[in-house]
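Visitor:
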Amino acid sequence: MDKGWISLPRLHPEYIQGVKDFVKYACGINPNSNEIMCPCKKCRNVKLVKKEVLGEHLMIDGFLPSYTCWIFHGEFVASPVARTEDKGQSDSFEGDEMHELLYDAFGIPPFVPPTDDTTGSSSNYGPDEKTKKFFSLLKEAERELYPGCSKFSTLSFIVRLLHIKTLSGWTDKSFTMLLELLKEAFPEGDTLPKSFYATRVLLKNLGLDYHKVDACPNDCSLYWKDTADKENCIVCHHPRYKQFEKEEIEAKKKQKKIPHKIVRYFPLIPSLQRLFMTSETASLMKWHAAGRTNDRKMRHPADTPVWKHYDNLYPDFACEPRNVRLGLASDGFNPFKSMSISYSVWPVILTPYNLPPWLCMKQPYMFLTLLIDGPNGPGDKIDTYLRLVVDELKLLWEIGVDTYDAESNQMFRMRALFLWTMNDFPALAMLSGWSTKGALACPPCNVQTRHRYLRNSRKMCYMGHRRWLSMDHRFRKDAASFDGTVEYDSFPTRLSGTDVLKQLGSRFDNKLVENDESQKSTKRRRTKKGDDKVADNWKKKSIFFELVTWEFNLIRHNIDVMHNEKNVCDNILWTILDVDGKGKDHLNARRDMVDIGMRKALHPINAGNNKFYLPHACFAMDSREKTLFLTMLKNLKVPDGYASNISRCVNLKKGTLFGLKSHDSHILMQQLLPVAVRNLLPKHVAKPLIDLSNLYSRICSKTLEVEELDSLQSQIALTLCQLERIFPPSFFDIMEHLPIHLVEEAKIAGTVQYRWMYFVERYLRTLKSYVRSKSNPEGSIAQGYLVEECMTFCARYLHGVESKLHRPVRNNDVSDNPEVLMGRGLGKGKGFVLNTTSRVQAHRYVLSNSIAIIPYREEHRKLIRRKHRHLKDYDVDRCHNEEFPKWFKSHVEQLLIAGIELSDEIKTLAMGPSDKANRYSGYLINGAKYHTKSRELRRKTQNSGIMVKANTCSYASAKDMNPVDGEVTYYGYVTDIVELYYSYDRRYVLFKCDWIDNNKGLRHDDFGFTLVNFKHLLYTKNEERDEPFVLASQAQQIFYIQDPVEDDWNVVVKMKPRDLYEVCGEQPVGEATMEGFVHEDVHASLFFSEGDVNWVRQGLSGEIVDEATMDAELDADMGS
236 MDKGWISLPR
246 LHPEYIQGVK
256 DFVKYACGIN
266 PNSNEIMCPC
276 KKCRNVKLVK
286 KEVLGEHLMI
296 DGFLPSYTCW
306 IFHGEFVASP
316 VARTEDKGQS
326 DSFEGDEMHE
336 LLYDAFGIPP
346 FVPPTDDTTG
356 SSSNYGPDEK
366 TKKFFSLLKE
376 AERELYPGCS
386 KFSTLSFIVR
396 LLHIKTLSGW
406 TDKSFTMLLE
416 LLKEAFPEGD
426 TLPKSFYATR
436 VLLKNLGLDY
446 HKVDACPNDC
456 SLYWKDTADK
466 ENCIVCHHPR
476 YKQFEKEEIE
486 AKKKQKKIPH
496 KIVRYFPLIP
506 SLQRLFMTSE
516 TASLMKWHAA
526 GRTNDRKMRH
536 PADTPVWKHY
546 DNLYPDFACE
556 PRNVRLGLAS
566 DGFNPFKSMS
576 ISYSVWPVIL
586 TPYNLPPWLC
596 MKQPYMFLTL
606 LIDGPNGPGD
616 KIDTYLRLVV
626 DELKLLWEIG
636 VDTYDAESNQ
646 MFRMRALFLW
656 TMNDFPALAM
666 LSGWSTKGAL
676 ACPPCNVQTR
686 HRYLRNSRKM
696 CYMGHRRWLS
706 MDHRFRKDAA
716 SFDGTVEYDS
726 FPTRLSGTDV
736 LKQLGSRFDN
746 KLVENDESQK
756 STKRRRTKKG
766 DDKVADNWKK
776 KSIFFELVTW
786 EFNLIRHNID
796 VMHNEKNVCD
806 NILWTILDVD
816 GKGKDHLNAR
826 RDMVDIGMRK
836 ALHPINAGNN
846 KFYLPHACFA
856 MDSREKTLFL
866 TMLKNLKVPD
876 GYASNISRCV
886 NLKKGTLFGL
896 KSHDSHILMQ
906 QLLPVAVRNL
916 LPKHVAKPLI
926 DLSNLYSRIC
936 SKTLEVEELD
946 SLQSQIALTL
956 CQLERIFPPS
966 FFDIMEHLPI
976 HLVEEAKIAG
986 TVQYRWMYFV
996 ERYLRTLKSY
1006 VRSKSNPEGS
1016 IAQGYLVEEC
1026 MTFCARYLHG
1036 VESKLHRPVR
1046 NNDVSDNPEV
1056 LMGRGLGKGK
1066 GFVLNTTSRV
1076 QAHRYVLSNS
1086 IAIIPYREEH
1096 RKLIRRKHRH
1106 LKDYDVDRCH
1116 NEEFPKWFKS
1126 HVEQLLIAGI
1136 ELSDEIKTLA
1146 MGPSDKANRY
1156 SGYLINGAKY
1166 HTKSRELRRK
1176 TQNSGIMVKA
1186 NTCSYASAKD
1196 MNPVDGEVTY
1206 YGYVTDIVEL
1216 YYSYDRRYVL
1226 FKCDWIDNNK
1236 GLRHDDFGFT
1246 LVNFKHLLYT
1256 KNEERDEPFV
1266 LASQAQQIFY
1276 IQDPVEDDWN
1286 VVVKMKPRDL
1296 YEVCGEQPVG
1306 EATMEGFVHE
1316 DVHASLFFSE
1326 GDVNWVRQGL
1336 SGEIVDEATM
1346 DAELDADMGS
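The following block contains the structure:
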């Protein structure tokens, strides 16, 4: 670019045009979003100014005449790639990428620090605060850790130490003690800070900070922007600051005033911009547009109707793949370890959905935006605090922010779209404004929620699921089996955002009304007896409607599957186990049935003396069945990383379960409960419970198909109707009604993995771990989060160092030499000598599964047929399997003698394995951990179960003339793990297993469950023709649950790696997760007759209950 205009007068046309060209050039090169170094005569390249005023400075003050080599504005910086290539020459410390980190953190290109003449006394302007911070950190990045240290700079060493601190959970005190020890150990002249506080101040200059915003203790308003200087709440007039006694006033005059309540605000925009500052994450933020598989299956939010609906509404937004889509989650948690302390901190978390599935909802990409002080939650007034987030979301949607994309080395205008919220049911009410209590507790059903008040149980029940059945379904007219009514209504439709606004009208347009004194009553409004004219359940208008896109969202607030599944599972368990105070079948529940006039067979019978006889319901287990069920759970062993030790939650003496976490209920609902009820409860009770289990399993799948969801919607409606025919009305609280909407939401928003609370709950546990001060837990959490966020950003520049971004998965199966061997053994292994039988068996199996050997196998078969023309196919296969290894070795030797060139693989396999082998007791492969049966005898886990699918030719007998080719599944357990050594450094790992005899030890029950019997095994004689081995790479892990009734039989449970996704491209493989029992649907008529259900268990006596215990039982039931 011509620079002759620099010396021209400021009003010269060429100077004016030169300034315009320079501003355009500099702003295009400079990756700063808002600010740029100013080369005017006053700023002299030591002050950052807004780029909008850069031209104004150059026109008023003139261009610095000596600045002809524009090193401050990227003249020598071609691209980030060049920066990386030159790093080794410019940096003086080995493996130090701190310069690159600083350039990205401050959004400016690398340049030579200004010399003394750039800050001459002629200028009255010095560098601003941001520039000072940059030069301060740049100085630390170039300073030796101690004299003569060439490996670490001060900054790089501090970053590494803080990285270890956050990864290992060190306390601040322990970190300070380590610094003190290192200062004693290092040579004189070290530059280490003296304490953690000094370290934190140093890294605070990187720009990661938060704002403290004072709030009214009544959650009415914030002291923010226009009200920042107010001393009293503008709504309730409550004082802003705490008041002290006269004696304390004098002592506190010189101290800072203490506000009643604070919300800590972490701006979202810088967190999103940092995702584009490194080329790796910048590329991942475009994965949704370039990396996903587009085959009409839903695996990612980008595949869903919600995403595509917004693409159609706002094509200008959709055409830029770097624009961000966000989800919001919020939930209160107790920051203390002692749950006896009543305290609730409320964070608000935002997460981007542009990322691939294995990074979505993971902690490095979850951003804490608000932290609301306790001890009480904000309740319906959470919108007061969400104002900070909504203003930022408005800016991101309406205007956007200039952001640097490190991958393309370009600036772009980043915008963001808010998709939905993820919360438990009470928090859903807080955010949506629709109360989830009372008669109209279901947000999707809205005013069409079907409810009934149970006078004796003193609670609402929600049934009426026959509305979702086809109009000609027989259940609609079956009044006797249900609540005595015939159903003619159709199911309610979900309200759009426009419908909601019409329903709200202008009731909540005055924003101060919701904070009025009249709204402070915590008592729940009850409808008068006989008054069915409940208008609606709106308590406020959600602040999210201020976003112009919110009205057109297909789904605004997701029902959390995690909490719903737990509540449903708990209700089922407590009811079928008849747990006192928790079960839904009690005297008052039976009296409600009397009031309704339903199920006369279950009505309580007056036994005199205020005692009543309750017939034994069909859904309740007797004492023997309870013992069998709980014993099954007590003896349960599952694979490593699959679930917690559920056996610890079993109390056989009291006949109940305790301490179940959400994931425990997840496992119980989808895996263990179906296995138990299939043999312990009547078939007509077990069938809908198993179907309900399959519903949760299928909607929790990582891949969803629209056609499958359509059939699943019909199935869940029928399942809930079948449950209505069995369980009492008191069983159907709002949680038992919500599954009817889960499939509907999955059809709109896709898989639940991006909308449920598991990831959020784990993140809350991380926030809880930051608490160091019980007197100020929120401050501890804020500081801990900042250090964590800082280290997450810095970790992208720490190569070869374990971090949360690069931490190996639990079952890391990558071997030291992956080109030679798949998987990784646990331990060094133990050398041994193979016996002849095992060597023949193992080598034959390796040959049978080598693609390179296929032509030789076909040649050998033809040779056998030529020699023995009258042999049957069965005998040909038997001879081939027994003779091929020896023939193949001889054949290859003859070919080599003849001078024919053969590959190393063919020569290696022909020679066979060495007699010396290696043995492991555990092995990691395909994301799963395998143990031998002997190793797990004393363990709480079961990792020996194995399944193999083989394409084989099956014969009914030796005389079978028509063998069947097809896939056959074999089940067994691992008894030995052997590593074979071949020449040319070729190795194979095989599992030796005990295999189930599929003819005698395998069967399928009426529900489609697969059962195996270990008393019927193959290859009991250990002959050379046996095939006990399988390649480790072919194994699929399973585990077995002992049948609670038939001790010799075990139910097969299939598994798959937790972090395995059916998408293109590389992806990590993590811990194991379950596959549901999705069997072929068993027709309902198999277990349900046209007549009434058998509501009473035949042959079992009921129980006598005392009316005096009714009140205590009722209170416990309402509390649960």
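For the working numbering, add 235 to where a residue sits in the sequence shown, where the first one is 1. For every residue, glycine included, the Cβ atom is placed at its ideal position computed from N, Cα and C.
#1: Return the Cβ separation of K238 and D454 in integer angstroms, given the expectation that the two are a contact with Cβ distance under 8 Å.
#2: In the DSSP assignment, what residue or residues form a beta bridge with T1210?
#3: Taking V470 as the reference, which of F479, L457, K477 has the closest Cα?
#4: Mind checking which residues open and close the beta strand (DSSP E) that includes L1266?
#5: If distances are taken between C-alpha atoms only, which option among F257, K629, A1343 comes closest to N844?
#6: Below 8 Å CB to CB, which residues in the same chain sit around A524 once its five sequence neighbours on both sides are set aside?
#7: Can you tell me whether L903 is buried or exposed? The criterion is at least 16 other CB atoms within 10 Å of its CB, across all chains shown.
#8: Between which two residues does the alpha helix (DSSP H) containing H1126 stretch?
#9: Can P582 and Y600 be called in contact, C-beta distance under 9 Å?
#10: Beta-carbon within less than 7 Å of L417's beta-carbon, same chain only, minus the 5 sequence neighbours each way: which residues are those?
#11: Taking just the CA atoms, how far does I1135 sit from W1122?
#12: Thinking C-alpha only, which one of V1224, K543, L782, F602 is nearest L628?
#13: Who are the Cβ neighbours of C804 in its own chain at under 6 Å, not counting the five residues just before and after it?
#14: N1153 by DSSP, collapsed to three states: which one?
#15: From which residue to which residue does the alpha helix (DSSP H) around D1356 run?
#16: On the three-state DSSP scale, how would you describe W632?
#17: I want to see whether chain D comes within less than 9 Å of W581, judged by CB atoms only; does it?
#18: Could you tell me the boundaries of the alpha helix (DSSP H) in which Q988 lies?
#19: Should the stretch 770-780 be called in touch with the stretch 732-741, which here means at least 3 C-beta pairs below 8 Å?
#20: Return yes when the Cβ of V1111 is within less than 9 Å of the Cβ of R1100, no when it is not.
#21: Excluding the 5 residues flanking L837 on each side, which residues of the same chain have their C-beta closer than 7 Å to its C-beta?
#22: Kindly indicate which three-state DSSP category K521 falls into: helix, strand or coil?
#23: Helix or strand or just coil, what does DSSP make of A651?
#24: Helix, strand or coil for N1046 per DSSP?
#25: Around the C-beta of T810, are 16 or more other C-beta atoms found within 10 angstroms, so that it is buried, or is it exposed?
#26: Does D734 come out as helix, strand or coil in the three-state DSSP assignment?
#27: At which residue ranges does the stretch 533-572 contain complete alpha helix (DSSP H) runs of 4 or more residues, listed in the order of the chain?
#28: Give the straight-line distance between the Cα atoms of L1252 and I1231, rounded to the nearest whole angstrom.
#29: Would you report the Cα separation of S1364 and T1176, rounded to the nearest angstrom?
#30: Could you please give the first and the last residue of the uninterrupted beta strand (DSSP E) stretch that includes C696?
#31: Could you tell me which whole alpha helix (DSSP H) segments of length 4 or greater appear in the stretch 765-813?
#32: Between which two residues does the alpha helix (DSSP H) holding Y998 run?
#33: As a quick exercise: from Y1206, K1227, V448, pick the residue whose alpha carbon is nearest that of Q1272.
#34: Expressed to the nearest angstrom, what Euclidean distance is found between the alpha-carbon atoms of E515 and C1029?
#35: If you draw a straight line from the alpha carbon of S1179 to that of K1289, how long is it in whole angstroms?
#36: Is I295 buried or exposed, if buried means 16 or more other CB atoms sit within 10 Å of its CB?
Guide: Straight from the coordinates:
#1: No, K238 and D454 are not in contact; Cβ-Cβ is about 59 Å, not under 8 Å.
#2: Paired residue(s): none; T1210 is not in a bridge.
#3: L457
#4: 1264-1266
#5: A1343
#6: A537, P556
#7: buried
#8: 1108-1132
#9: no
#10: L427
#11: 17 Å
#12: L782
#13: S900, L903, M904
#14: strand
#15: With the chain covering 236 to 1355 only, the question about residue 1356 has no answer from this structure.
#16: helix
#17: Here chain D cannot be found, since the structure has a single protein chain.
#18: Note, Q988: premise wrong, no alpha helix (DSSP H); not H, not E.
#19: yes
#20: yes
#21: R825, M828, P850, A852, W1330, V1331
#22: coil
#23: strand
#24: coil
#25: buried
#26: helix
#27: 540-548, 550-553
#28: 5 Å
#29: The first residue shown for the chain is 236 and the last is 1355, placing residue 1364 beyond what the model contains.
#30: 694-696
#31: 796-811
#32: 993-1004
#33: Y1206
#34: 13 Å
#35: 13 Å
#36: exposed
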